[in-house]
Amino acid sequence: MEMRAKKSSRSSTSNTSGSTTTTAVERKEIERRRRQQMKSLCAKLASLIPKEHYSSKDAMTQLGSLDEAATYIKRLKERVEELRHKSASARLLAAGSGTRRGGGGGGASTSSAATTTASGGAGSSEEAGRREDDMPPAVVEVRQHNDGSSLDVVLISSAARPFKLHEVVTVLEEEGAETVNANLSVAGTKIFYTIHCKVRTYVR
1 MEMRAKKSSR SSTSNTSGST TTTAVERKEI ERRRRQQMKS LCAKLASLIP
51 KEHYSSKDAM TQLGSLDEAA TYIKRLKERV EELRHKSASA RLLAAGSGTR
101 RGGGGGGAST SSAATTTASG GAGSSEEAGR REDDMPPAVV EVRQHNDGSS
151 LDVVLISSAA RPFKLHEVVT VLEEEGAETV NANLSVAGTK IFYTIHCKVR
201 TYVR
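All residue numbers for the sequence shown refer to the UniProt record's numbering, where the first residue is 1 and numbers rise by one.
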């Protein structure tokens, strides 16, 4: 009986030891695969970053590649925001310029009148053109807040050549901004517009 008990005990110990060894091997294999996958992903990530953006040789390591990728993505984001602001400013200026040239249909009638009028009409048209050239150009400034989710758009125009506020709001919405409120004030011959916006966030 004692010999059977000893054999049973040895068998149990052997099975436990074998099971433990198998589990350890499986864990090592899982860890090895995980490291290989991580290494492959880091290498792929590093290949997407232009070489001129690497700040040091340490960037060739996995940790360095992750740091460089984070820095590069941050720079790209800032650049995209900068280009968006420039694009919005250009479109706002274009909208204001079109408004001042067209004048809501008034420009067409003036042109027609100038065509049917004699030399006096041509002279008045030239004089109006000179007055328009003497007017200061419109100013567009986009100020983004530190939180990154809101911004202010400041526009300054001549009182004789105002912006159409609804066109400005349309341009901002097309650029991904949601208008919260807008203020308008007149000082002398200038009109000041201040538009407070929130940046829309898109969930993909």
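Ideal Cβ placement from N, Cα and C applies to all residues, glycine included.
How long is the line joining the alpha carbons of residue i and residue j, rounded to whole angstroms?
i           : j           : result
residue 137 : residue 194 : 17 Å
residue 73  : residue 22  : 43 Å
residue 150 : residue 200 : 9 Å
residue 40  : residue 31  : 14 Å
residue 86  : residue 169 : 16 Å
residue 162 : residue 76  : 35 Å
residue 29  : residue 42  : 20 Å
residue 190 : residue 71  : 43 Å
residue 154 : residue 82  : 16 Å
residue 53  : residue 188 : 50 Å
residue 67  : residue 178 : 34 Å
residue 36  : residue 166 : 56 Å
residue 61  : residue 27  : 25 Å
residue 172 : residue 90  : 11 Å
residue 146 : residue 80  : 16 Å
residue 144 : residue 152 : 6 Å
residue 50  : residue 160 : 50 Å
residue 164 : residue 186 : 15 Å
residue 44  : residue 69  : 11 Å
With a 10 Å radius around its C-beta and 16 neighbouring C-beta atoms as the bar for buried, classify residue i as buried or exposed.
i           : result
residue 65  : buried
residue 25  : exposed
residue 48  : exposed
residue 180 : exposed
residue 63  : exposed
residue 38  : exposed
residue 142 : buried
residue 46  : buried
Report the option in the options whose CA atom is closest to the CA atom of residue i.
i           : options              : result
residue 182 : 27, 176, 83 and 197  : 197
residue 207 : 179, 92, 50 and 81   : Since the first and last residues shown for the chain are 1 and 204, residue 207 lies out of range.
residue 139 : 166, 145, 177 and 88 : 88
residue 158 : 171, 50, 146 and 184 : 184
residue 148 : 78, 160, 20 and 186  : 78
Mind reading off the beta-carbon distance from residue i to residue j? Whole number of angstroms is fine, and I expect it under 8 Å.
i           : j          : result
residue 175 : residue 33 : So it is not a contact: roughly 46 Å between Cβ atoms.
Let me check one thing: in DSSP terms, what residues is residue i bridge-paired to?
i           : result
residue 36  : Paired residues: none, contrary to the question.
residue 192 : 156 and 185
residue 179 : 197
residue 150 : 198
residue 143 : 152
Of all Cβ atoms in chain B, is any one closer than 8 Å to the Cβ of residue i?
i           : result
residue 177 : Among the chains in the structure shown there is no chain B, since it carries only a single protein chain.
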